[in-house]
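Colleague: Pasting in a structure now, in structure tokens, and then I'll have a few things to ask.
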Amino acid sequence: MDKTSRKYFNQHWSEENYKKIEKKLEADFGYIPPFRISETPIFIDATFKEQLELACDEILDQLLDDEVRTFSQSVFDICPYKVPGDDSYCPFLQMDFGVVKAPDGSLLPKLIELQGFPSLYYFQPYLAGLFKHAFGVDELASIFFSIAHEETYFKDLKEIILDGCEPEEVVMIDIKPKEQTTYIDFLCTAQYLGLKILCISEIEKDGKSLYYTNESGEKIKIKRIYNRIIFDELASSKVESQFKLTDDLDVSWVNHPNWFFTVSKYILPKLRGKYVPDSHFLKDADLHSLDLSKYVLKPLFSFAGAGVNLEPTIEELNQIEDVQNYILQEKVEYAGIVDTPDEPSKCEIRAMFLWDKGAARPRLVSNLVRMSKGKMIGVKYNKDKTWVGASVGFFV
């Protein structure tokens, strides 16, 4: 991490400037996100940026390997949510890395999870702007890996999401969107693109076609869905709808729902390399040969850390009936790398990709950062902590 930028930022930090972030959010959207925004961005130097890029390229090569792609389809042997009309590319893809210290003391990104699902692609550049507005961060500092201008990034996003459709023909859908933690990204997206934000319950079905009613009472045919629904959340929801995501529908998707499963924890045991911790399917693991103190238990299809067991015992593992739905992943010891007024913060960096239609592979574009001082990333592990929460990484 860039020590010069960190020292300067900390010396000039003030609570008054930090409060400007919330005031600007309130002024722009009349809404404050339910998640905590950190007091600071992180500052990434050229050396660690290169490590992130190398890690992403190495893992991406494996994801695109024919053997891994074929294996990824076997997820539907244990998952009942296969959706018709799959496509050959995944427009939005992310890799989450914990930042660790290598034996030589250098910093190394270690893969935690990956997702074939949209993330906060519009909110992150907005959040970067908030940090610049509040703290006077250098205007040349950027959250983008290779894109020179923010306008280019938004143009690319627009092309991927709309794919030639008119904004009124494309809808963002979720379960009760206003209650979602990520609702701020919905608002940012709608502001840029003019998309309608809908609960799945607000959509009408007629044959294979889907419709919504606009503010003028007109029935508008939906041609494309910007899908933000998490399947396990949908399965437990009591929200009623006229269609199922698994229906054969006359719409295109971004992302197609199948990518949520095929690019997920399910393929972690197939990945190798210095940036990838050891992983095993629970159903295949030799529990007597593994040192369980060095592994965490993760359910395959949960989201946002739900169901993770940091200290699994052999007795607990032997009681699990649906063993096909879990993996054991080698623990990643996050390093305290961000100097703060008390203890150093740990970081998880989400590398965010865009896969352009017709391109051979996704390209790395941006980042999302989550800071923590607890055992895990997340609110319940950081109660009463400061300089933790959502952030961005500036390349300096």
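Okay, so the sequence shown: first residue is -16 according to the working numbering, each after it adds one.
Just so you know, even glycine gets a beta-carbon here, dropped at the ideal spot from N, CA and C.
None of the values given here were measured: they were computed from a predicted structure.
(1) Using C-beta distances below 6 Å, list every residue in its chain close to Trp91, excluding the 5 sequence neighbours before and after it, in chain order.
(2) Please classify Glu22 as buried or exposed, where buried requires at least 16 neighbouring CB atoms within 10 angstroms.
(3) Which stretch, first to last residue, makes up the beta strand (DSSP E) that contains Asn210?
(4) Who are the Cβ neighbours of Glu41 in its own chain at under 7 Å, not counting the five residues just before and after it?
(5) Would you kindly report the start and end of the unbroken beta strand (DSSP E) that includes Phe336?
(6) In this structure, does DSSP put Phe55 in helix, strand or coil?
(7) Within 10 angstroms of its Cβ, does Ala29 collect 16 or more other Cβ (buried), or is it exposed?
(8) Determine the direct distance from the alpha carbon of Pro150 to that of Gly177, and round the result to whole angstroms.
(9) Go through the segment 94 to 122 residue by residue and report every complete run of the alpha helix (DSSP H) that reaches 4 residues or more, in order.
(10) With three or more beta-carbon pairs closer than 8 Å as the criterion, would you say the segment 104 to 116 touches the segment 131 to 147?
(11) Could you give the distance in angstroms between the alpha-carbon of Ser272 and the alpha-carbon of Tyr278?
(12) At what residues does the alpha helix (DSSP H) containing Thr245 begin and finish?
(13) Near Tyr309, which residues of its chain fall below 7 Å by C-beta distance, leaving aside the five closest residues on each side in sequence?
(14) Specify, as a first and last residue, the run of the alpha helix (DSSP H) that Leu176 falls within.
(15) Strictly by DSSP, which residues pair up with Asn292?
(16) Tell me which residues share the same chain as Phe378 and place their Cβ nearer than 6 Å to its Cβ, disregarding the 5 neighbours each side in the sequence.
(17) Please report the distance separating the alpha-carbon of Ile25 from that of Glu316.
(18) If you reduce the DSSP assignment to three classes, tell me which class Asp157 lands in.
(19) Do three or more CB pairs link the segment 232 to 249 to the segment 194 to 202 at distances below 8 Å?
(20) On the three-state DSSP scale, how would you describe Asp342?
(21) Pull up the distance between the alpha-carbon of Asp261 and that of Leu254, whole angstroms please.
(22) Could you give the C-beta distance for Gln225 and Glu187, rounded to a whole number, given that I count them as a contact under 8 Å?
(23) Going by DSSP, what residues sit across from Ser349 in a beta bridge?
(24) Comparing C-alpha positions only, which one of Pro252, Phe18, Leu193 sits nearest to Lys227?
(25) Let's see if you can read the secondary structure: which residues bound the beta strand (DSSP E) around Thr196?
(26) Rounded to whole angstroms, what is the Cα-Cα separation between Lys221 and Asp121?
(27) Can you tell me whether His(-5) is buried or exposed, with buried defined as 16 or more other CB within 10 angstroms of its CB?
(28) Assign Ile332 to buried or exposed, taking buried as 16 or more other Cβ atoms, counted over all protein chains shown, within 10 Å of its Cβ.
(29) Measuring CA to CA, which of Asp(-15), Asp70, Pro63 is closest to Trp338?
(30) Which word fits His132, buried or exposed, when buried means at least 16 other C-beta atoms lie within 10 angstroms of its C-beta?
(31) For the beta strand (DSSP E) that Lys417 lies in, which residues bound it at each end?
(32) Enumerate in chain order the residues of its own chain whose CB-to-CB distance from Ser328 is below 7 Å, with the five nearest sequence positions on each side excluded.
Modeller: In short, the structure shows the following:
(1) It should be pointed out that residue 91 corresponds to Leu in this sequence rather than to Trp. Answer for Leu91: Val83, Ala85, listed in chain order.
(2) Glu22 is buried by the Cβ-count criterion.
(3) Here the beta strand (DSSP E) through Asn210 covers 207 to 210.
(4) Counting only Cβ-Cβ distances below 7 Å, and skipping sequence neighbours, we find Gly256, Tyr258.
(5) Start and end: 329 to 337.
(6) Sequence inspection shows Ser at residue 55; the Phe mentioned does not correspond to that position. Helix, per DSSP.
(7) Its Cβ having fewer than 16 others within 10 Å, Ala29 is exposed.
(8) So the two alpha carbons sit approximately 6 Å from each other.
(9) Along the segment 94 to 122, the alpha helix (DSSP H) occurs as fully enclosed runs of 4 or more residues at 106 to 118, listed in sequence order.
(10) Flag = yes, the segment 104 to 116 and the segment 131 to 147 touch.
(11) Computed Cα separation, rounded: 12 Å.
(12) That run of the alpha helix (DSSP H) goes 242 to 245.
(13) Excluding sequence neighbours, Tyr309 sits near Leu265, Leu280, Lys281, Pro282, Leu283, Ile303.
(14) Segment 166 to 176, the alpha helix (DSSP H) holding Leu176.
(15) Partner residues in the beta bridge of Asn292, as assigned by DSSP, are Leu280.
(16) If we look at Phe378 and ignore the five residues flanking it on each side, its Cβ neighbours are Ile27, Lys32, Ser125.
(17) Glu316 has its alpha-carbon roughly 19 Å from the corresponding atom of Ile25.
(18) Three-state DSSP puts Asp157 in a strand.
(19) For the pair of segments examined, the segment 232 to 249 was found not to touch the segment 194 to 202: the number of CB pairs separated by less than 8 Å stays below three.
(20) For the record, residue 342 in the displayed sequence is Ala; it is not Asp. Residue state, collapsed to three classes: coil.
(21) Straight-line Cα distance between these residues: approximately 8 Å.
(22) Between Gln225 and Glu187 the beta-carbon gap is near 6 Å, inside 8 Å, which marks them as a contact.
(23) Paired residue(s): Met335.
(24) Residue Leu193 is the option with its Cα nearest to Lys227.
(25) Looking at the DSSP string, the run of the beta strand (DSSP E) that includes Thr196 is 192 to 196.
(26) Lys221 and Asp121: Cα-Cα distance of roughly 47 Å.
(27) It is exposed - the Cβ of His(-5) has fewer than 16 other Cβ atoms within 10 Å.
(28) By the 16-neighbour rule on beta-carbons within 10 angstroms, Ile332 is buried.
(29) For Trp338, the closest C-alpha among the options Asp(-15), Asp70, Pro63 is that of Asp70.
(30) Around the beta carbon of His132, fewer than 16 other beta carbons lie within 10 angstroms, which makes this residue exposed.
(31) Residue coverage of the chain in this structure runs from -16 to 379, which leaves residue 417 outside it and unanswerable.
(32) Only Gly319, Val321, Met354, Ser355, Lys356, Trp370, Val371 meet the Cβ criterion.
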